[in-house]
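Numbering (the working numbering), first residue to last: 1 to 121.
Data block below; observations after.
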Amino acid sequence: GTLEDPRWTGESARKYPFELDTFQEISVACLERRENVLVAAHTSAGKTAVAEYAIAMAFRDNQRVVYTSPLKALSNQKFRELGEDFEDVGLMTGDNSLHPNATCIVMTTEIMRSMIYKGSE
1 GTLEDPRWTG ESARKYPFEL DTFQEISVAC LERRENVLVA AHTSAGKTAV AEYAIAMAFR
61 DNQRVVYTSP LKALSNQKFR ELGEDFEDVG LMTGDNSLHP NATCIVMTTE IMRSMIYKGS
121 E
C-alpha cells in the first residue's frame, strides 16, 4: 500500500537540490511502482517536481512522455524550461511544431485532444 510504504528506496530517476515534501515523495514512490498518480495542489506547491520526475523516468526507461498545458504561452515556456534540463524535447502547439518525434513532447491540451480523436500515436 502507498501509505504504508510511502518512500522510494530504489535508484532515483532524478535528484533535486531540495528535500521533497511528503506528497512529492509519495508521488515519486507511486510513479516508480508504476501506479497511477494525480497531483492536485495549490499554486507553487511543487506539482511540477512530480511531473519532472515522471519525465526523467521516461528518459531513463527509453519511453516517450507528453507534457500538456492549456495555453500556447505556457507550452512555449515549459518547452524552454524542460529543454534546459532534458535533451530531446519537442513542442506542438497550433503555431509551432518543433521536434515532434522527441522523447518529451510539450503540447497544448487542444493538440492532445485532436491527436486522441484522430487516433495518433
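Note that the Cβ used here is the ideal one computed from N, Cα and C, for glycine as well.
The model shown is predicted, which means the values in this text are computed figures rather than measured ones.
Return the CA-CA distance between residue i and residue j, expressed in angstroms with no decimal places.
i: T103; j: P70; result: 20 Å
i: K72; j: T108; result: 6 Å
i: N101; j: S75; result: 16 Å
i: R14; j: F86; result: 11 Å
i: E84; j: G119; result: 31 Å
i: S97; j: R33; result: 33 Å
i: G1; j: R7; result: Here the model assigns G1 a pLDDT of 42, short of 50, so the residue's position is not dependable, and the following value carries that caveat. Cα-Cα distance, rounded: 11 Å.
i: E11; j: E35; result: 17 Å
i: T68; j: R60; result: 20 Å
i: N62; j: Q77; result: 24 Å
Since residue i contacts residue j with CB under 8 Å, what's their CB separation in whole angstroms?
i: G94; j: E110; result: 7 Å
i: V66; j: M112; result: 7 Å
i: Y16; j: A40; result: Between A40 and Y16 the Cβ distance is about 21 Å, and since that is not below 8 Å, they are no contact.
Sort the options by Cα distance to residue i and report the nearest one.
i: E81; options: Y117, E35, I105 and Q63; result: I105
i: D88; options: R7, Q77 and R64; result: R64
i: F79; options: F18, S12 and H99; result: H99
Practice item. Report yes or no: do the region 48 to 56 and the region 18 to 29 share at least 3 C-beta pairs separated by less than 8 Å? Key: yes
Point to revise | Segment contact flag, the region 40 to 49 with the region 12 to 23, C-beta cutoff 8 Å, min 3 pairs | key: yes
Point to revise | Inside the region 49 to 98 only - alpha helix (DSSP H) runs reaching at least 4 residues | key: 72 to 85
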